[in-house]
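In what follows, a single structure is set out as C-alpha cells and then discussed.
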Amino acid sequence: MRYLPLSPDDRAGMLAKIGVDHIDALFADIPSDRLLNHLPKLPLHKGEIDVERLMGRMASRNVSASSVPFFVGAGAYKHHVPATVDHLIQRSEFLTSYTPYQPEIAQGTLHYLFEFQTQVAALTGMDVANASMYDGSTGCGEAVLMAHRITKRNRAILSGGLHPHYADVVRTLSAMAEAECVTLAPDVLGHEDILSHIDSSVSCVVVQTPDFFGNLRDLRAIADKCHSNGALLIAVFTEVMSLGLITPPGEMGADIVVGEGQSIGNALNFGGPYVGLFATKSQYVRQMPGRLCGETVDADGTRGFVLTLSTREQHIRRDKATSNICTNSGLCTLAFTIHMSLLGQAGLKRVAEINHANAVMLADELNAIKGVSVLNQSFFNEFAVRLPGNAGHIVEQLAARHIMAGVPVSRLLPDAGLDDVLLVANTEVNSDDDRQAFVDALKEVL
Amino acid sequence: MLNRQGRPTTPGDALQSDHPTFTGNKALSQIEPLIFETGRLETTGVDYEAPKPFVARLGGFERKSEIGLPGLSEPEAMRHYVRLSQKNYGIDTGLFPLGSCTMKHNPRLNEKIARMPGFSDVHPLQPVATVQGALEVMHTLSHWLLELTGMDAVALSPKAGAHGELCGMMAIKAAIAAKGEAATRNVVLVPESAHGTNPATAALIHFVVKPVPVREDGTVDPAVVASLAGPDTAAIMLTNPNTCGLFEKDVVAIADVIHAAGGYFYADGANFNAIVGKARPGDLGVDAMHINLHKTFSTPHGGGGPGAGPVVLSELLAPFAPVPFVRHTEDGFELVESEAEAANHGAHAFGRMTAFHGQMGMYVRALSYMLSHGADGLRQASEDAVLNANYVRACLADLMSLPFGNRPCMHEVLFDDAWLKDTGVTTLDFAKAMIDEGYHPMTVYFPLVVHGAMLIEPTESESRVSLDLFIATLRDLAMAVKRGETERFTGAPYHAPVRRMDETRAARSPILKYTPPEPILQAAE
Amino acid sequence: MGETKYTKDHEYIRVEGDVAIVGISDYAQSQLGDVVFVELPKLGKALSKGDEAAVVESVKAASEVYAPVSGEVTEINSGLEAQPGTINEDPEGSGWFMKVKLADPSELAGLMNEADYKAYLASIH
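Written as C-alpha cells, this is what we have:
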C-alpha cells in the first residue's frame, strides 16, 4: 500500500522491540468478542489509475458550471478565481499544517490570518473580525447566540429576506439552545415591517442585504430601533463581492456582521467547504466565537503573530466557552486572503461593477420578454423574476438545453406560494453570448 | 580554463558565527511585511475590462467610503505568500506527532480528484439531474462509513468535528423530546479526560454537564458512571480510544449502564484512526459518533480547516438525522432537503446544520482515500498507527514517565512531566527544544488529567527510519535535561523563524488588525 | 489592618471594620500566570457567599472568583481593567478586586487564617 512505509520486516522488528509477538496483543483492551476477525465488507486497495477512473466516472455525471451559461446563485456564486490562488494554497506548508498552536513554526498561517481579519473588518466596515467560521449559515447561528450572551435575552427576529437555509440553521440551533426565534414571512419585494417587531424583549434582529431575493436593504432605521430597545442588529450577506460596491453594514449601524466569503477565492464545491466571515464592534470582542489572531513581539522584539484571547474558547473554557467551534476554514481563509490581496480595493470594485452591470443588462432583457417580470427595485448581481409558469419546470427545460437558469424559489421555500419565482444571478464569468443564449432559450420554452 | 578569475571552490575560512545582515533576512529565511505595508491602493493583480456604461440599480446604496485595502501585482502576491509558507511547518516538512490530531500523510491524488470540474465546479442548487455523480459520492461515502462503523445511518453535513458533536447531541436531544422526557432528562456525563469541545457542545444546547472522574489507570470506571447515571441522564460523551491513548476496556459495560438508565452513548470519534477495521463502534453500544474526515481519512488540515464531521447514528437515533440526506431510488439519486420532505419518508429530521449539503470537497478527498486503501489498507493503517505509537513508547519508557504505567497504548502515547521534576525544564520548554531539532512538538498540556502532558501520535505515515531518528532525538534531549543543560530548553527555539512570542502582551492589549500609521492615512486621502 | 483569611478556591478576604477587601492569593496569581483580563462585579451588586463575583483570565487559563462572604459590593478596583498585571505584582495589596460590606460577619469563621492556608497549600502539593 503506497501510503504505508512500514515493511513486514519493520513490523516484525518493532513488535519484537515492544515485546509482543502479534499486533493484536496491542489491541488487547478491545473486548475479544468485539474485535473484528474479518476484513470489513468493502473493496480491497486500489492504485491511482483505478481510483482516478472510478472517481472520474462520478465527476463526469455532473454538469460543471464552466461548461454552460451559468446563472445559479442563492448563496453560492460562480466567480473567476485567479490561477495564483489555487497554486499557492496547495503549497505543502499551508496545506499540511495544523492550527497554529506553536506560533514559532506557524508564522505563515498566523500572518495571513492577521491579513484576513484586517480585510474582513475593512470590507464589512467593522472594528474586528475573527479568523473565520465554517460558513455563512453556521456563522449566522453563532451570531444569534452571541447576541443572546451580550443582551442576556433570548429572542431573535429573522427577516423574511434571510436565506431560508440560514433561517433553518438559526431555527434549529435556537430550538436546541432553548431560545426563541421569530421568522417573518418570505419577503420577495423587501417591504416587510421589521420595526414593529422590535421591543425590549428582543435580543437581536437578523437582516440580510442583498437579501435572499436580491434586494438591497436599508439597515439604518432597524439599527436605531434595535439600539433604543437594547437589542443588536445582525447584518448578513451571502455575496461578499457586493461589499465592493455597496454601503457596508458597519456604516449602517450593524453590531455583528456575518456572511459567506466563498465568492472570493473559493470554488463552488457543491456547497462546501466555504468560509464564514464574522465581524463585530470592539466592545463585543470577548463574546465573539472562533479563533482570533493578534500581533505581538517575540523574545528578540521581532514582530510576530499569535492566537489570542483563547480563554473564550472550548479548549480552555470547556462548558463555559463562547462556542464549541474548534476547526474553522483555514485553507479557504487563505484562498480568500490571496484573492483579496490580488484584487485590492481597486480590483474588487471593478469586478463588483462588472457583476452589477451584467445583472442589470440581463434583468432588462428578461423583463422585456412577454410574461416575465423582474421584481426588484434594487439589486447587486442577483434578482428575482416572475415567470409565466412553474420556475422549477422551466429550469429543468433550460437545463436540458444546457443553460443553468437559476434557482427556483420553491426549491428552498416549497410552501411560500412562490412557485413562479426564479432567482437569477449573473457574475463576471458569463459572456454577452451566454446572456443572449439564456434569453433566447427562455423565449423558446415559454 | 573557464575558471580564469580564480573563483574559490572550497569554503575557505568562512566564519562560523551568526552574522547579522543589513536586511535582517537570513538567506532563505526572509522577514516579510504585511500586504498593507507594501501594497498600493490603486494596484490590482487581476485584469478586468471596465463594463460598458450602464445605469446602476443599487437603490442609493453605493459604497461611498474607501475600503482601504491595497492590492498586489501577481508577482508580488506570489512572492509574499510563498515567503509566508516558508515560515510554516507541515506534515510534508517532517514528523508531526501532534496527539489527537492525526497528522497523517495527505495524498495528492485526493487533491487532484477534488479539483476535477465535475466536483469543484458544481453548484449546490443545480437541478438534481445535473449532479447525480455528486450525490453518488455522498451515497458511496455513507456506505463506507456505515460499513466501517457498524451503524445504521449517517448525517454527512456537519462541517467539522465539533459541529458533528453538536449534530449528534442534537439528535439525542430530539430523541429525548420525542419520548416526552425533555424536561427531566438533561444531564450529560463527560469524563475529565474529554476534549474541551465535548462539554462546550453539551452546554451549547442546554444540557447540564456532569464531569466523570477518571480512575487511576486513565480509563472510565463503569461503576462510577453507574453512580452518576439516573433518570436525568441524557447521554455520556466518551472518547474511545480516549485522550490518554487508551482503549476504554469497559466500554461495553459503560454503554450498558447508560442504556439501562435510559440515556444515549455519544462517542467522540476523534481517535477513530486507531481502530478502523479492527472494531466497530456499532458493536460497542455507540448511539452516535462523529468522524473527523480531516483526521482519520486524511483530508488536509489546511492550517486549521476546513474539516468535515459526518455523524453516524444508531437505529434509535437514525430517524432524527438532520436534512439534507441522499436517497437512492430506481430513478437515481435524490436529495431530501426539507423536514417536510423527510417526513414523507417516515423520518423526524430535527432540522438543518448548515446551508447546502456539507463539505463536498472533503467527501471527495475522503472517499478517494478510502478507495485507495480499501478494506485491507484501512485496517493495516490502523495497525501501523498503533504499532508506531507503541514503538515510541517502548523506546522512551526508560527515560520519560508514563502516567499509567508501561502498558500498550493505542495510536498515541501519553507521557507526563514527572520525569522533569526539579530539572528546571517544563513540558513547554521540552516541546520548544524539539522545534530546534526540526520536529513539530507533540500535543502538550492535554489531556488535563495528567500533569504537564505530552501526547505523541506518530501516525502510520512514518517509516521506521524516521521513527528511529525521532526517538534518538528525544532520547538525546531527555539526556540533556538530565545533564542539566537547561538553556537548550528554556530559551528554545533558537533556530525557528521567530523566538518565543509574548502572548501576555498580545492578550492584554489586543491588536487584531492592521491600522495604518497616521501620515500614510492622510496621504491616501 | 484586620486579619487576612483565605478560601480553598484561593480568594483572600481582609476585614477592615464592616468592609472586607477581596482578591486572589499570591499562590493563585502564580498558578494563573500573567493576568490579562479581569471582569469585576457592578457596584452595589448583592453577593451571596459562593456566588461568582468576578472573572480573572491569564493567557492560558480562566477562573471564576467566588464571593468568600455575603454582602454588597461597595467599591471595585477599576484600575485593574487597564492594568491587570497589578494582580501579579501585588495580589494582596494594590491588586485587590473589590470591597464588600459584610452581611453576616459570622461567615468569616469558616475561612482559613494564614497559617491554615499555608498548611492547606502544602497539603495540595
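Residue numbers (this note's numbering), protein chains in the order written: chain V, 153 to 598; chain C, 21 to 545; chain R, 662 to 786. Think of the CB as a built atom: it goes at the ideal place given N, C-alpha and C, for glycine as much as any other residue.
In chain R, what lies closer than 7 Å to residue i by C-beta?
{"i": "residue 528/C", "result": "697, 745"}
{"i": "residue 523/C", "result": "720"}
Tell me, please, whether the CB atom of residue i is closer than 8 Å to any CB atom in chain R?
{"i": "residue 468/V", "result": "yes"}
{"i": "residue 545/C", "result": "Residue confidence for residue 545/C is low, a pLDDT of 43 falling below 50, so the modelled location carries little weight; the figure read from the coordinates is stated next. No, residue 545/C lies away from the interface with chain R (no Cβ there is under 8 Å from its Cβ)."}
Any beta-carbon of chain V closer than 8 Å to the one on residue i?
{"i": "residue 742/R", "result": "no"}
{"i": "residue 166/C", "result": "no"}
{"i": "residue 133/C", "result": "yes"}
{"i": "residue 108/C", "result": "yes"}
{"i": "residue 478/C", "result": "no"}
{"i": "residue 491/C", "result": "no"}
{"i": "residue 509/C", "result": "no"}
{"i": "residue 284/C", "result": "no"}
Looking at chain C, is there any beta carbon in it that lies within less than 8 Å of the beta carbon of residue i?
{"i": "residue 786/R", "result": "no"}
{"i": "residue 364/V", "result": "no"}
{"i": "residue 208/V", "result": "yes"}
{"i": "residue 541/V", "result": "no"}
{"i": "residue 181/V", "result": "yes"}
{"i": "residue 423/V", "result": "yes"}
{"i": "residue 591/V", "result": "no"}
Thinking just about the alpha-carbon of each residue, which of the options is nearest to the one in residue i?
{"i": "residue 169/V", "options": "484/C, 530/C, 523/C", "result": "484/C"}
{"i": "residue 545/V", "options": "148/C, 380/C, 93/C", "result": "148/C"}
{"i": "residue 524/V", "options": "511/V, 532/V, 574/V", "result": "574/V"}
{"i": "residue 277/V", "options": "378/C, 402/C, 438/C, 87/C", "result": "87/C"}
{"i": "residue 594/V", "options": "580/V, 548/V, 561/V", "result": "548/V"}
{"i": "residue 452/C", "options": "473/C, 388/C, 519/C", "result": "519/C"}
{"i": "residue 473/V", "options": "170/C, 537/C, 226/C, 382/C", "result": "226/C"}
{"i": "residue 355/C", "options": "431/V, 543/V, 422/V", "result": "422/V"}
{"i": "residue 375/V", "options": "302/V, 301/V, 392/V, 401/V", "result": "401/V"}
{"i": "residue 443/V", "options": "334/C, 527/C, 267/C, 67/C", "result": "527/C"}
{"i": "residue 684/R", "options": "714/R, 783/R, 763/R", "result": "714/R"}
Give the range of the alpha helix (DSSP H) segment to which residue i is assigned.
{"i": "residue 316/V", "result": "316-328"}
{"i": "residue 98/C", "result": "94-105"}
{"i": "residue 779/R", "result": "775-784"}
{"i": "residue 377/V", "result": "372-380"}
Give the interface partners of residue i over in chain C, defined as CB-CB distance under 7 Å, in chain order.
{"i": "residue 320/V", "result": "371, 372"}
{"i": "residue 287/V", "result": "179, 374, 375"}
For residue i, go through chain V and note every residue whose CB falls closer than 8 Å to its CB, in chain order.
{"i": "residue 723/R", "result": "463, 468, 469, 472"}
{"i": "residue 256/C", "result": "Near residue 256/C there are no residues of chain V at all, since even the closest Cβ is about 15 Å away, more than 8 Å."}
{"i": "residue 483/C", "result": "157, 158, 162"}
Looking at the secondary structure, which residues open and close the beta strand (DSSP E) in which residue i lies?
{"i": "residue 454/C", "result": "Taken as a continuous stretch (DSSP letters only), residue 454/C belongs to no beta strand (DSSP E), being part of the alpha helix (DSSP H) at 447-456."}
{"i": "residue 247/C", "result": "That residue, residue 247/C, is in no beta strand (DSSP E); its alpha helix (DSSP H) goes 242-248."}
{"i": "residue 307/V", "result": "307-310"}
{"i": "residue 446/V", "result": "445-449"}
Starting from the beta carbon of residue i, find every residue of chain C whose beta carbon is closer than 9 Å, and list them in chain order.
{"i": "residue 493/V", "result": "55, 59, 65, 89, 90, 91, 92, 96, 97, 100, 101"}
For residue i, which residues in chain V fall below 7 Å Cβ to Cβ?
{"i": "residue 410/C", "result": "170, 178"}
{"i": "residue 126/C", "result": "247, 248"}
{"i": "residue 217/C", "result": "466, 476, 478"}
{"i": "residue 226/C", "result": "329, 330"}
Just the chain C side, please: which residues come within less than 8 Å of residue i by C-beta, in chain order?
{"i": "residue 242/V", "result": "131"}
> Do three or more CB pairs link the region 252-260 of chain C to the region 281-290 of chain C at distances below 8 Å?
Replying inline: Enough Cβ pairs lie closer than 8 Å, so yes.
> Between the region 405-413 of chain C and the region 332-344 of chain C, are three or more C-beta pairs nearer than 8 Å?
Replying inline: Verdict: no, contact absent.
> Any contact of the region 76-93 of chain C with the region 209-226 of chain V, i.e. 3+ C-beta pairs under 8 Å?
Replying inline: In this structure the region 76-93 of chain C does not lie against the region 209-226 of chain V, because fewer than three pairs of beta carbons, one per stretch, are closer than 8 Å.
>> Pairs of beta-carbons, one from the region 116-133 of chain C and one from the region 312-319 of chain C, closer than 8 Å: are there three or more?
In response: Here the region 116-133 of chain C lies against the region 312-319 of chain C, with 3 or more beta-carbon pairs under 8 Å apart.
> Are the region 432-451 of chain C and the region 184-195 of chain V in contact at 8 Å, needing three or more beta carbon pairs?
Replying inline: Fewer than three pairs of CB atoms, one per stretch, sit closer than 8 Å, so the region 432-451 of chain C makes no contact with the region 184-195 of chain V.
> Is it a yes or a no for the region 256-263 of chain V touching the region 384-393 of chain V, going by three-plus beta-carbon pairs under 8 Å?
Replying inline: No: fewer than three Cβ pairs fall under 8 Å.
>> If contact is defined by three or more beta carbon pairs under 8 Å, each pair taking one atom from either stretch, is the region 228-240 of chain V in contact with the region 478-490 of chain V?
In response: Yes, the region 478-490 of chain V is in contact with the region 228-240 of chain V.
>> Does the contact criterion of 3 or more C-beta pairs under 8 Å hold for the region 138-154 of chain C versus the region 221-231 of chain V?
In response: Flag = yes, the region 138-154 of chain C and the region 221-231 of chain V touch.
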